[in-house]
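Notes follow the structure.
Numbering (our numbering), first residue to last: 49 to 426.
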């Protein structure tokens, strides 16, 4: 005897509530497993390609792990120390940036600076950064390490990712065997749509971030910007968030260029042109090629998901925001499609398709012509 749909929905709703409760109460515990699973999901296509070249699944996983270790060592030795150093220098330089901005306002807009509120605000911000600049930089670094503990990143996450990547196909087959038989084809189709959205967006967007971050960093350093590597890395990383990456990255790059090259408008224009070129490449070449328009994740929906899940579940929520947004989007489209093909939308008695020729009324004479008129004649 089949279980009624109402009872099935009750059980699935309870399962969803249990999942939300697990994210809420066990966030710090399951964080490395979610990160490891995300990495395994991201790398699974590469493992599949190595298998097609003749390697076993175990050897494919080992090759990917060795390449990941090599990349981690290069980043740790060549890039991360420079980023940390530039971050400290930028925080130390922040009071001078504010003083220059205040001087600019005084010279160009004296009536604005005479306002005690604006003047006092700029002075208080400068004094706060000057007195606590080093503390601010260390707090940023320590808070980042608190969110993602260094030991967890170095040890637990790679181990989880390695074993999940090695057993990924078996896990998918096992989960497929647990699907309810009545709804297995529908669930498989929804899962394929979710995988298409995630693979098209997450994998593509990560690649876009890497390409743009590398482009910005190299181009800004060649242009002579003091914090080119840091600015390029920030702009590339924030590209993942719609609109926010472009606004913050462009403001930071052009603002630092104005401070460093004030009066040299050619050099400032070069920095602005670099960022404008990056935005053109992102919007017209890189993102359409790697992400495409068919993933179905609207930027506003993605922003809402990141904000909502980040507020509710912290850093863990930021990690699961995009997959959950993709799942909700695919399920919502499926439900809308079911509604448009169901009796609730069409009514109890379905009307004839609109393209069926049933006749029409001549607005001038009021005569009925077409199929209806012929039937009346007969």
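No residue lacks a Cβ here, since even glycine has one placed at the ideal position from N, Cα and C.
Checklist entry - Between the beta-carbon of residue 361 and the beta-carbon of residue 73, is there less than 8 Å? => result no
Item to check | Buried versus exposed, by CB contacts within 10 Å (16 or more), residue 322 | outcome: buried
Item to check | Cα-Cα separation, residue 118 to residue 383 | outcome: 46 Å
Item to check | Assigned secondary structure, residue 310 (DSSP; H/G/I helix, E/B strand, else coil) | outcome: coil
Checklist entry - According to the neighbour-count rule (16 or more other Cβ atoms, all chains shown, within 10 Å of its Cβ), is residue 267 buried or exposed? => result buried
Checklist entry - Distance, Cα to Cα, residue 325 vs residue 92? => result 33 Å
Checklist entry - Among 391, 247, 312, 203, which has the Cα closest to the Cα of residue 120? => result 203
Next on the checklist: In whole angstroms, give me the CA-to-CA distance for residue 101 and residue 262.
Outcome noted: 30 Å
Item to check | Reference residue 84, options 66, 137, 205, 129, closest by Cα | outcome: 205
Checklist entry - From residue 335 to residue 52, what does the alpha carbon distance come to, in whole angstroms? => result 45 Å
Item to check | C-beta atoms of residue 283 and residue 271 nearer than 8 Å | outcome: no
Checklist entry - In whole angstroms, what separates the C-alpha of residue 136 from that of residue 228? => result 55 Å
Checklist entry - Candidates 371, 131, 240: which alpha carbon is nearest residue 224's? => result 240
Checklist entry - DSSP state of residue 271, grouped into three classes? => result coil
Item to check | Simplified DSSP state of residue 264, which is helix, strand or coil | outcome: helix
Next on the checklist: By the DSSP assignment, the alpha helix (DSSP H) with residue 334 in it spans what residues?
Outcome noted: From DSSP, residue 334 is part of no alpha helix (DSSP H); its letter is neither H nor E.
Checklist entry - Between residue 246 and residue 388, what straight-line distance do the alpha-carbon atoms span, to the nearest angstrom? => result 25 Å
Checklist entry - Buried or exposed: residue 405, going by 16 or more other Cβ atoms within 10 Å of its Cβ? => result Here residue 405 scores only 48 on pLDDT, less than 50, and its place in the model is too uncertain to base an answer on.
Next on the checklist: Taking 8 Å as the threshold (C-beta atoms), are residue 338 and residue 255 in contact?
Outcome noted: yes
Item to check | Nearest-angstrom beta carbon gap, residue 257 and residue 294 [assumed within contact, 8 Å] | outcome: Residue 294 to residue 257, Cβ: 12 Å. No contact.
Checklist entry - When you compare only the Cα positions, how much space is there between residue 215 and residue 208? => result 11 Å
Next on the checklist: Looking at the secondary structure, which residues open and close the alpha helix (DSSP H) in which residue 216 lies?
Outcome noted: 216–225
Next on the checklist: Could you compute how far the alpha carbon of residue 278 sits from the alpha carbon of residue 234?
Outcome noted: 47 Å
Checklist entry - What three-state label does DSSP hand residue 1 in the structure shown? => result The requested residue 1 does not occur in the structure, where the chain is confined to residues 49 to 426.
Next on the checklist: Does residue 295 come out as helix, strand or coil in the three-state DSSP assignment?
Outcome noted: helix
Checklist entry - With respect to the alpha helix (DSSP H) encompassing residue 280, which residues constitute its N-terminal and C-terminal limits? => result 276–286
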